[in-house]
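Asker: Just so you know, we're using our numbering here: the sequence shown kicks off at 1 and counts up by one.
From the three backbone atoms N, C-alpha and C, an ideal C-beta is built for every residue, glycine too.
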Amino acid sequence: MQRSDTILSLTIDLLANNAFNHLRDDEISALHHLIVKLKEPLTPIQQNLPVRQAGLLLTFWNHAYTGGLPAHLLHRCNTILQQLGRTPMEMMEVEMEMY
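Structure (structure tokens):
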């Protein structure tokens with residue numbers, strides 16, 4: 001699996017785990033548009049397009065809410081980010097008050 005395919009797959013997993021629910025509607029729309037574009041078959045001229053679009057997906061990762069993410073998903077995302085020399089996502093703790 002190419003790295004751009006892995007980034008696409010992980011982005012879809014982040015989306016399914018509500019990591020982007022706090023984004024504005026136009027931002028969610030742009031994210032869905034990128035996902036659709038990356039799923040389309042490529043012509044030979046478009047060979048480098050997935051790499052650039054995968055980089056755009058990573059900018060959404062910078063704004064992901066990590067509080068409810070499964071640990072294995074956060075770990076997989078952070079592994080990719082570290083391999084690319086980017087800052088890993090931090091686990092946000094959800095505070096609960098006990099009565």
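1) According to DSSP, is Gln2 helix, strand or coil?
2) For Met96, count neighbouring Cβ atoms within 10 angstroms of its own Cβ and tell me buried if that reaches 16, exposed if not.
3) Hey, how far is the Cα of His32 from the Cα of Leu10?
4) Starting from His72, trace the alpha helix (DSSP H) both ways and give me its first and last residue.
5) Looking at the ligand FMN, does it come within less than 7 Å of Thr66, judged from the CB to the closest heavy atom?
6) Spatial neighbours of Leu73 within its chain, please: C-beta separation below 6 Å, excluding the five flanking residues on both sides.
7) For the alpha helix (DSSP H) that contains Ala120, what are its first and last residues?
8) Work out the CA separation of Tyr65 and Thr87 for me, nearest whole Å.
9) Can you tell me whether Trp61 is buried or exposed? The criterion is at least 16 other CB atoms within 10 Å of its CB, across all chains shown.
Answerer: According to the data block:
1) Gln2 falls in the coil class under three-state DSSP.
2) Low per-residue confidence applies at Met96: pLDDT is 49, beneath 50, and the placement is therefore not dependable enough to give any value.
3) Going by the C-alpha atoms only, they are around 14 Å apart.
4) Here the alpha helix (DSSP H) through His72 covers 71-83.
5) Inclusion of the ligand FMN in the displayed structure is not the case, the ligand content being empty and no account of it being possible.
6) Excluding positions up to five away in sequence, the list reads Asp13.
7) No answer is possible for residue 120: the residues shown for the chain start at 1 and end at 99.
8) Whole-angstrom Cα-Cα distance: 15 Å.
9) Only buried fits Trp61, as 16 or more other CB atoms lie within 10 angstroms of its CB.
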